[in-house]
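Numbering (this note's numbering), first residue to last: 225 to 463.
Idealized CB from N, CA, C, for every residue including glycine.
Taking it in order: structure first as structure tokens, then the write-up.
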């Protein structure tokens with residue numbers, strides 16, 4: 225008869241295998257206009273799809289300075305994200321937790337299945353100001369006989385002023401609007417940059433009557449040499 229110690233060792237090995245097989249993979253921050261979410265993939269075990277997940281986050285304080293010596297240099301404690309504690313989803317909203325946009329953050333995720341907890345899976349370091357993606361502007365087009373007036377609105381952050389209105393991304397970065405015109409009688413490659421600057425209303429003149437034109441725009445950040453995606457096409461026919 226096999227000793228109990230053998231079965232205990234076998235149980236330990238099985239649990240260790242389960243711990244590894246349900247450990248979350250590819251823990252990554254995704255951020256658009258400071259709307260920041262954490263994403264991850266399930267472990268490689270077939271049963272991992274039934275796991276529950278637990279999320280923590282912290283500020284990377286390797287460069288922080290703290291008054292009164294309350295926190296030792298370079299240290300920061302992990303905090304539970306209550307809304308993402310014991311969830312089946314593989315996405316967690318950390319917009320509020322990363323609202324100090326100049327600070328670098330880490331997050332980590334562990335999984336639990338059948339009473340067994342995996343080890344933590346750590347994200348890469350994430351600094352919102354440097355790494356968030358900028359969304360495209362909103363574009364409104366009004367036409368007259370030989371001209372098009374383009375109205376531009378910068379994307380908004382999730383953060384609000386005291387009166388409740390959302391703060392535009394232009395408050396955080398030196399952003400430029402880039403406006404392109406497409407003559408629909410030509411192919412898509414004939415996309416011409418007609419404006420770059422900070423004006424929110426521009427007028428494109430001396431256009432041909434009877435021609436269909438489309439306008440697209442994007443935001444450009446010179447400091448980091450980043451561009452947003454293009455806005456949706458706004459098209460009009462000149463009479």
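Check, Outcome
"Kindly give me the distance between the Cβ atoms of residue 403 and residue 435, rounded to whole angstroms, as I take these residues to be in contact under 8 Å.", "Wrong, their Cβ atoms sit about 17 Å apart, outside the cutoff."
"Which value, in whole angstroms, describes the spacing of the CA atoms of residue 226 and residue 241?", "Low per-residue confidence applies at residue 226: pLDDT is 43, beneath 50, and the placement is therefore not dependable, though the value from the model is reported in the following sentence. Residue 226 and residue 241: Cα-Cα distance of roughly 22 Å."
"Taking 8 Å as the threshold, find out whether the stretch 351–360 comes into contact with the stretch 415–426 through three or more Cβ pairs.", "no"
"Classify residue 378: buried if its beta carbon has 16 or more other beta carbons within 10 angstroms, exposed otherwise.", "buried"
"Which first and last residues belong to the beta strand (DSSP E) in which residue 309 is found?", "303–311"
"From which residue to which residue does the alpha helix (DSSP H) around residue 264 run?", "No alpha helix (DSSP H) contains residue 264, which is instead part of the beta strand (DSSP E) from 259–265."
"How close, in whole Å, do the beta carbons of residue 243 and residue 395 come, if the pair is a contact with beta carbons under 8 Å?", "Between residue 395 and residue 243 the Cβ distance is about 45 Å, and since that is not below 8 Å, they are no contact."
"If the criterion is Cβ atoms closer than 8 Å, does the pair residue 371 and residue 431 meet it?", "yes"
"Within a Cβ cutoff of 6 Å, which residues of the same chain sit near residue 444, ignoring the five residues on either side of it in sequence?", "400, 402, 451"
"My guess is that residue 354 and residue 278 are in contact by the Cβ rule of under 8 Å, so how many angstroms apart are they, rounded?", "Not really, about 27 Å apart at Cβ, beyond 8 Å."
"Ordered along the chain, which non-local residues of its own chain (more than five positions away) have a Cβ less than 6 Å from that of residue 458?", "363, 365, 439"
"With a 10 Å radius around its C-beta and 16 neighbouring C-beta atoms as the bar for buried, classify residue 409 as buried or exposed.", "exposed"
"Can you tell me whether residue 265 is buried or exposed, with buried defined as 16 or more other CB within 10 angstroms of its CB?", "exposed"
"Would you kindly check if the distance between the Cβ of residue 282 and the Cβ of residue 302 is under 8 Å?", "yes"
"Using the C-alpha atoms, what's the distance from residue 380 back to residue 258?", "9 Å"
"May I have a chain-ordered list of the alpha helix (DSSP H) segments no shorter than 4 residues that lie completely inside the stretch 333–419?", "352–355"
"Under 8 Å, do residue 318 and residue 330 count as touching if we go by C-beta distance?", "no"
"Roughly how many whole angstroms lie between the Cα atoms of residue 447 and residue 383?", "22 Å"
"With residue 181 and residue 261 assumed to form a contact (beta carbons below 8 Å), what rounded beta-carbon distance in angstroms separates them?", "Look at the range of the chain in this structure, 225 to 463, and you will see that residue 181 is not part of it."
"Pick from 280, 323, 336, 453: whose alpha carbon is nearest that of residue 300?", "280"
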